[in-house]
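Protein chains in written order, with the working numbering: chain A, 5 to 326; chain B, 5 to 463. Read through the structure below, which is laid out as structure tokens, and then see the notes.
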Amino acid sequence: MANKVDVAQIRGQLVDAVKQGDEPRARVLVPQLGPGPRHVRVVLEAMLEDPDALVRQAAAFGLGELSGATSVRCLEQQLAIEEARGDYDGEAVVEEIVRALSRIEDAGARASLVRKLDRLAAGRPERSDVNEVAHALWKKRHPELLPVVRRSFEQLSLPEPNTLHGLLVLLEKSPVELGAWALDSAVPVRHKTGVLMLLEEQLPDSLISAFPKFISAASALIRPALNQRGEAAYFCEVLLNALLMHRERLLIALPEAVRAELRHVARSLVASKAMGCALRAASVLEFVGRPEDATELETHRPADPTFAKVFDDVVRALRSLH
Amino acid sequence: MKTDTVFSRVLLPLILTLSAACTTSQAAMAEGAAPRVVKEEALPGGWVRLSFEPIAPDPALEVMELEEAQAVLTVLHAALLAERPEIRVLPPARFQLLGEGEEWGERRLRERFQARFGGMLLSLPEDLEQSRLYQALKLSPRYMGAGVREAARELFGSPVFLASVSMSIAVYFGAWLAPEPLFSKAFAVTLTAALALTVGMVEVANLALACVRLYWESEAAKTERELEAASEHFGRAVGGTGLRVLVMVASMGLAKATPAVPGGGLGALLGGPRYAVEGGLAVEAAATATVVANRSLILSGVATGEVAARLCGGLALCSTIEGKPSGSGTGAKLSTRYGSPHTRQNPPHNEAIEKELAAREAAGHTQLRKNKAQLDAQDKRVLERGTTGGPRFRKPDVSSLRPDGVRHNTNYVSNVRDLRRELDAFEAMKRLDPEAIHELYLLDGTLLRRHVPAGVSLP
Chain A
5 MANKVDVAQI
15 RGQLVDAVKQ
25 GDEPRARVLV
35 PQLGPGPRHV
45 RVVLEAMLED
55 PDALVRQAAA
65 FGLGELSGAT
75 SVRCLEQQLA
85 IEEARGDYDG
95 EAVVEEIVRA
105 LSRIEDAGAR
115 ASLVRKLDRL
125 AAGRPERSDV
135 NEVAHALWKK
145 RHPELLPVVR
155 RSFEQLSLPE
165 PNTLHGLLVL
175 LEKSPVELGA
185 WALDSAVPVR
195 HKTGVLMLLE
205 EQLPDSLISA
215 FPKFISAASA
225 LIRPALNQRG
235 EAAYFCEVLL
245 NALLMHRERL
255 LIALPEAVRA
265 ELRHVARSLV
275 ASKAMGCALR
285 AASVLEFVGR
295 PEDATELETH
305 RPADPTFAKV
315 FDDVVRALRS
325 LH
Chain B
5 MKTDTVFSRV
15 LLPLILTLSA
25 ACTTSQAAMA
35 EGAAPRVVKE
45 EALPGGWVRL
55 SFEPIAPDPA
65 LEVMELEEAQ
75 AVLTVLHAAL
85 LAERPEIRVL
95 PPARFQLLGE
105 GEEWGERRLR
115 ERFQARFGGM
125 LLSLPEDLEQ
135 SRLYQALKLS
145 PRYMGAGVRE
155 AARELFGSPV
165 FLASVSMSIA
175 VYFGAWLAPE
185 PLFSKAFAVT
195 LTAALALTVG
205 MVEVANLALA
215 CVRLYWESEA
225 AKTERELEAA
235 SEHFGRAVGG
245 TGLRVLVMVA
255 SMGLAKATPA
265 VPGGGLGALL
275 GGPRYAVEGG
285 LAVEAAATAT
295 VVANRSLILS
305 GVATGEVAAR
315 LCGGLALCST
325 IEGKPSGSGT
335 GAKLSTRYGS
345 PHTRQNPPHN
355 EAIEKELAAR
365 EAAGHTQLRK
375 NKAQLDAQDK
385 RVLERGTTGG
395 PRFRKPDVSS
405 LRPDGVRHNT
415 NYVSNVRDLR
425 RELDAFEAMK
435 RLDPEAIHEL
445 YLLDGTLLRR
455 HVPAGVSLP
């Protein structure tokens, strides 16, 4: 059984891991706070009362890992406390609580997030706060969310792209409809980006079939994405990043024709003036490229050593395909 | 302009705190004994004698890792080259200055040492690399103990480090030529007091005597063998702690801040202070210090006890200019305007973040984020691909959105031992969001890395 000294040490390590954004390490530490979930919960609930917001963030993370209705109740109570603080400290804990709720399977977590969205919609929130809640709700997607999300979207006036709009689209459309929507040139590019921002973090199997359409949409945007850092380049960057984040499921499953189209998009975009887009394009080529693409990469190799290394690594990988 | 004038005008972070150390140093302190109280004796004329009873060396300081040496060089090179952006520094392990045949700033280095410490106490030729002292220093790592040899090779392989050590010997350690070394420059007084409190006067004096001996023996050497012998005497006399002190003094000619041991940056190499003056030690701009019998310091222009406690607010060492203390420490209030303290163990780190965010707020930045998940300019969380073991997202110390919509992220290194990790984090953040401005600073304001996207201006 963990003694007080051990618990204090693990608690400190957990706070540090959450502070560093090191979720895998934090995940390993949570169960070590006590001999069983009940003991762990006691420690975490005590941490929620700590004056140090970093400790409260770690507690929220831990409760998200413990999951269950008790965690949801506890987190929702804490959410109200943190919101009432109205300061930067409280905001940081709110962010962590929202993320914790998104990981809890219990239906109460979704209800809690809906209430949070309602409260945001009643005020003038920053886009980043709404994005966070929309991400969480996307992980808890359910048809009953549609009216709530639509209402909030209509109430709020957020700059695009934003994930609330993306969430609305994803809730409204079937996979087939989503594919058609992605291809529709009348739909503003930034709206499509909002959808991809959600899919980048979580992609259900049912939507894998829509990706070829997004790739085709990117194909039509190569020219503007090459020449300026505008919404076309950002759309391509987010799309390529989503492909990389889910590469095991997406890139391998692509039909040959789509794969060829993606290769064309990536080959072209390594020359993009938008470095974020160019780097993702180079990384995608590692998975869909051919040895002859190495020359294209070398031609457009960035001068900055950090970025050049990304290109060099891909060149090496492609050359080894011989 | 005289250095001490500059010194007296600017509230420089002269900090020697028990609590301001980074996490690693704190851990080291927790494992070791509490600082030993220095024996204090009031002398006529307002002078104070501080006696530092010798204590056993800290085993943790007697070893120096290669990574620590590489971090030292990163900091030194960044400090020297801050004004020479045309010269690039390669990453650690392959240190060298690019731009072959280019003068890397030896003259400027010499000027900066002299401005801070005063005139040359020992003469050196115009071209430092031609001096016998420089040559002997270069050979010395081979005679150092196994615990530091590899790190010393790395350090003494750098022309910047060698030149800095040569200058340190000429402008500071050379004072030990006199039986009772005297320091009248506020900078040197504070440095001596800081070093004495951190490792003890005996350790500092031993290193100084080894440096003076090296100078005389190398200058007198007529053959390669004699030069080698001088080098050997020096190498065998310098242990891990001595090497760390040498690094500290060598860095002082280049660092932006005055002695801050272990308040941040390279100061962390020395760990927590091993001695403390009751109530603290407040050093005035006109202070002087004399080293007596190599274990005592006789100081003028300083306050101790209750007066120091009032002036320094709980700091172990502070400088007082017009009655105001500079620095922060145990008693310092942690600012939390933009969020909870970055770490309670490191107030200067937290204060640097808060100050930066306040400046950005004043400049019209929005989304003032302190140690929160990295976002891009579109408020999208920037995720790291491949989640095996590492963080899925980074948390910059400071992040904000400029009025022109450019995201600006800044991190601070408070412990040089963490430099490798911080450089990796910098590279990762830059790779993940190339359209943002990214910066990495030491707490003393030394810029280590900066990325400004093409087409973006930096005021």
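Glycine included, each C-beta is placed from N, C-alpha and C at the ideal position.
- Here DSSP, grouped into helix, strand and coil, assigns Tyr176(B) to coil.
- Residues Leu186, Phe187, Ser188, Val193, Leu303, Ser304 and Gly305 of the same chain have their beta carbon placed closer than 8 Å to that of Thr292(B), with the five preceding and five following residues left out of the count.
- Here the alpha carbons of Leu361(B) and Arg373(B) stand approximately 8 Å from one another.
- Distance from Ala96(A) to Ala57(A) at the Cβ level is roughly 5 Å; contact confirmed, criterion being Cβ atoms closer than 8 Å.
- Judged by pairs of C-beta atoms under 8 Å, the region 418-428 of chain B touches the region 269-284 of chain B, as three or more such pairs exist.
- Distance check between Asp188(A) and each of Ala222(A), Ser210(A) and Leu168(A) places Ala222(A) closest, using alpha-carbon atoms only.
- Note on geometry: alpha-carbon atoms of Ser287(A) and Lys196(A) lie some 22 Å from one another.
- Runs of alpha helix (DSSP H) with 4 or more residues, each lying fully within the region 240-320 of chain A, are found at 251-254, 260-273, 279-292 and 297-303, listed in chain order.
- For Val314(A), the chain B residues whose C-beta falls within less than 7 Å of its own C-beta are Arg435, listed in chain order.
- About 7 Å separates the beta carbon of Val216(B) from that of Gly178(B), a gap short enough to meet the 8 Å contact definition.
- Distance check between Leu70(B) and each of Glu130(B), Glu158(B) and Ala167(B) places Glu158(B) closest, using alpha-carbon atoms only.
- Residue range Leu285 to Val296 is occupied by the beta strand (DSSP E) that includes Val287(B).
- Ranked by Cα distance from Ala233(B), the options Val52(B), Gly246(B) and Tyr147(B) are led by Tyr147(B).
- Considering only beta carbons, no part of the region 352-364 of chain B lies closer than 7 Å to chain A.
- Between Ala197(B) and Leu301(B), the CB-CB gap stays under 8 Å.
- Within the same chain, Cβ atoms closer than 7 Å to the Cβ of Val262(A) are found at Pro216 and Ile219, the five residues on either side in sequence being excluded.
- In summary, Ala229(A) is buried, with 16 or more beta-carbon neighbours lying within 10 Å of its beta-carbon over all protein chains present.
- Straight-line spacing of the CA atoms in Pro463(B) and Arg364(B) works out to 12 Å.
- Annotation for Ser55(B): the continuous beta strand (DSSP E) segment containing it runs Trp51 to Ser55.
- When Cβ-Cβ separations below 8 Å define contact, Glu27(A) makes contact with chain B.
- Annotated three-state conformation of Val410(B) is coil, per DSSP.
- For Asp93(A), the closest Cβ of chain B is nearer than 8 Å.
- By the C-beta density criterion, Ala150(B) is exposed, having fewer than 16 other C-beta atoms within 10 angstroms.
- Residue pairing by DSSP places Ile14(A) in no beta bridge whatsoever.
- Per DSSP, Lys196(A) is one residue of the alpha helix (DSSP H) stretching across Val193 to Glu205.
- Three or more Cβ pairs closer than 8 Å define a contact, and the region 247-259 of chain B falls short of that threshold against the region 278-294 of chain B.
- For Pro183(B), the closest alpha carbon among the candidates Val295(B), Ala313(B) and Tyr219(B) is that of Val295(B).
- Taking a C-beta distance under 8 Å as the contact criterion, Arg145(A) and Leu175(A) qualify as a contact pair.
- Closest in alpha carbon position to Thr308(B), among Leu126(B), Lys43(B) and Arg116(B), is Lys43(B).
- For Tyr92(A), the uninterrupted alpha helix (DSSP H) run begins and ends at Tyr92 to Arg107, by DSSP.
- When the beta-carbon positions are compared, Arg42(A) and Met51(A) stay at least 8 Å from each other.
- The C-beta distance from Val175(B) to Leu125(B) rounds to 6 Å, short enough to fall under 8 Å.
- Taking C-beta atoms under 8 Å as the contact rule, Phe311(A) and Leu255(A) fail to qualify, at a distance of about 22 Å.
- In the DSSP assignment, Thr202(B) falls within the alpha helix (DSSP H) that extends over Ala190 to Val203.
- Beta-bridge annotation (DSSP): Phe187(B) is paired with Ala293(B).
- Shown here for Leu325(A): same chain residues with a beta carbon closer than 6 Å to its own, the five before and five after excluded, namely Pro295 in chain order.
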